[in-house]
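Numbering (this note's numbering), first residue to last: 193 to 674.
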């Protein structure tokens, strides 16, 4: 299961930066989303080899976050189980969470005069100084709250996880993030009338001020100002949360699973569900990530005999970053890189299937749309395709190029390993391309994220039945007298 964070987009509203060069070509590009323009051979092979649809990760009309989207797609209703993203980010960064702890997903930000947050992201290229500033803030004292301790751990880019431990804490409070640039730093407020919520809001406001005062005179920020860079003189405390209490992924779905996700938010969510976390060398969860390493690591993990995994989940973040940065060029670049990774995965899984006889299914989708025109999450549904790996790999091996895959054609596929083409009954609709408009025409229609695991499991079971039926037909043909 490959999850492309922020994969969805919208038809571009002007300009030809995504590929049009003027005239009719430019006018046509305005009507197409970046996903439609991108060269996505492998993703289109998945769409043309199986069934597709459009998914609302949580519900139609909701511009959801990655945390609630993933919870929903993993089969856990966020309306029931969601307790804020802070615990996910913090656990993913490497801090443990105990009952009673609260945690925040944090941004290093630039706080200007009069308490205005001039930039919610001090700098995406923060991997050199971020860990230093996190170590500096780790253990910072909270004025008037001597019974409480603070732990800070660097995550990625401008982000970190922050945990508060101590008595009488509540996660039912607001954070300090104004959510938009050029707005005042917010004060935390209780969301209920409990003493715990009121105490925690006061603690958070005291902590926020203490962090700003500590960062203001740090040498790193003095150097950044001299270099003409924004100082990281504040930390936005976002998404206060406690660890979710839910059945494990294996308990809920009966499938042993692993996750490859350097992004701390997603990694921590997987840890909360007790999915096995697998590290891919060089995978960073940002623009510097090694996507091919994720493919190699996933394949190596599936090859292991113990434990024997039934589901692998690979998360890719950089496409979403490009959407937030409003860069069509970067989004197209990373869509292509992701597509190359998916191609390697499909071919490698097909080889494992041939060696072991164990059939594999590949699913490709996103967790939300992040259009470059908006620079933020939007409510548009995302494309979803699922197909037998053997069919996808066969199409990639035999395709004459991108045009053959993307411009339509026969849905007949060679399943046998010899030179003779043999039609085998498969679950397949008429969709030929992996994009928003094409997938809308698929058999799955439009559905919610909570239905994803059911779709994956039913498709897998149906494929098993089809293959068993095909083997029975072949056996009978072999047994017939010539």
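Just so it is clear, CB atoms sit at the ideal spot from N, CA and C, and this is done for glycine as well. Because the structure is a prediction, the values reported are computed rather than measured.
{"Asked": "Collapsed DSSP secondary structure at residue 247 in the structure displayed", "Found": "strand"}
{"Asked": "Cα-Cα separation, residue 615 to residue 278", "Found": "Bear in mind that a pLDDT of 44 at residue 615, under 50, signals an unreliable position, so the number given afterwards is only what the model happens to contain. The straight-line gap from Cα to Cα measures roughly 51 Å."}
{"Asked": "Proximity below 7 Å, CB of residue 499 to CB of residue 459", "Found": "no"}
{"Asked": "Local conformation of residue 348 per DSSP, three classes", "Found": "coil"}
{"Asked": "Check whether residue 245 and residue 634 have beta carbons under 7 Å apart", "Found": "yes"}
{"Asked": "Which of helix, strand or coil DSSP assigns to residue 177", "Found": "No statement about residue 177 is possible, as the shown extent of the chain runs from 193 to 674 and does not include it."}
{"Asked": "Beta-ladder partner(s) of residue 508, from DSSP", "Found": "196"}
{"Asked": "Residue 639 versus 264, 233, 552, 443, residue with shortest Cα-Cα distance", "Found": "264"}
{"Asked": "Extent of the continuous alpha helix (DSSP H) to which residue 545 belongs", "Found": "520-548"}
{"Asked": "According to DSSP, residues forming a beta bridge with residue 305", "Found": "Answer is none; residue 305 lacks a bridge partner."}
{"Asked": "Cα-Cα separation, residue 439 to residue 537", "Found": "30 Å"}
{"Asked": "Residue 572 - DSSP class collapsed to helix/strand/coil", "Found": "coil"}
{"Asked": "Exposure label - residue 579; buried when at least 16 CB within 10 Å", "Found": "buried"}
{"Asked": "Of the residues 470, 433, 306, the one placed nearest residue 392, counting alpha carbons only", "Found": "433"}
{"Asked": "Alpha carbon of residue 581 to alpha carbon of residue 200, nearest angstrom", "Found": "23 Å"}
{"Asked": "Segment contact flag, the stretch 275-292 with the stretch 339-349, C-beta cutoff 8 Å, min 3 pairs", "Found": "yes"}
{"Asked": "7 Å Cβ cutoff, residue 333 in contact with chain C", "Found": "Within the model displayed, chain C is absent; a lone protein chain is all it includes."}
{"Asked": "Residue 326: first and last residue of the uninterrupted alpha helix (DSSP H) it sits in", "Found": "322-329"}
{"Asked": "Spatially closest choice to residue 353 from 337, 260, 331, by CA coordinates", "Found": "331"}
{"Asked": "Residue 417 classed as buried or exposed, judged by whether at least 16 other C-beta atoms fall within 10 angstroms", "Found": "exposed"}
{"Asked": "With 16 other Cβ atoms within 10 Å as the buried cut-off, status of residue 560", "Found": "buried"}
{"Asked": "Residue 502 - DSSP class collapsed to helix/strand/coil", "Found": "coil"}
{"Asked": "The stretch 518-534 touching the stretch 476-490, judged by at least three CB pairs closer than 8 Å", "Found": "yes"}
{"Asked": "Identified DSSP bridge partners for residue 298", "Found": "352, 429"}
{"Asked": "Euclidean distance between Cα positions of residue 477 and residue 622", "Found": "34 Å"}
{"Asked": "Cβ-based neighbour list, residue 355, same chain, cut-off 6 Å, excluding 5 preceding and 5 following", "Found": "282, 287, 293, 295, 343"}
{"Asked": "Bounding residues of the alpha helix (DSSP H) (the contiguous stretch that carries residue 554)", "Found": "That residue, residue 554, is in no alpha helix (DSSP H); its beta strand (DSSP E) goes 553-557."}
{"Asked": "Where the alpha helix (DSSP H) containing residue 451 begins and where it ends", "Found": "Taken as a continuous stretch (DSSP letters only), residue 451 belongs to no alpha helix (DSSP H), being part of the beta strand (DSSP E) at 449-452."}
{"Asked": "Ordered list of alpha helix (DSSP H) runs contained in the stretch 256-283, each at least 4 residues", "Found": "258-265, 270-273"}
{"Asked": "Cβ separation of residue 239 and residue 630, assumed to be a contact under 8 Å, to the nearest whole Å", "Found": "7 Å"}
{"Asked": "Residue range of the unbroken beta strand (DSSP E) whose run includes residue 639", "Found": "637-640"}
{"Asked": "Outcome for residue 656 when other beta-carbon atoms lying within 10 angstroms are tallied against a minimum of 16", "Found": "exposed"}
{"Asked": "Residue environment, residue 550, which counts as buried when at least 16 other CB atoms sit within 10 Å", "Found": "exposed"}
{"Asked": "Assigned exposure category for residue 563 - 16 Cβ within 10 Å defines buried", "Found": "buried"}
{"Asked": "Assigned secondary structure, residue 357 (DSSP; H/G/I helix, E/B strand, else coil)", "Found": "strand"}
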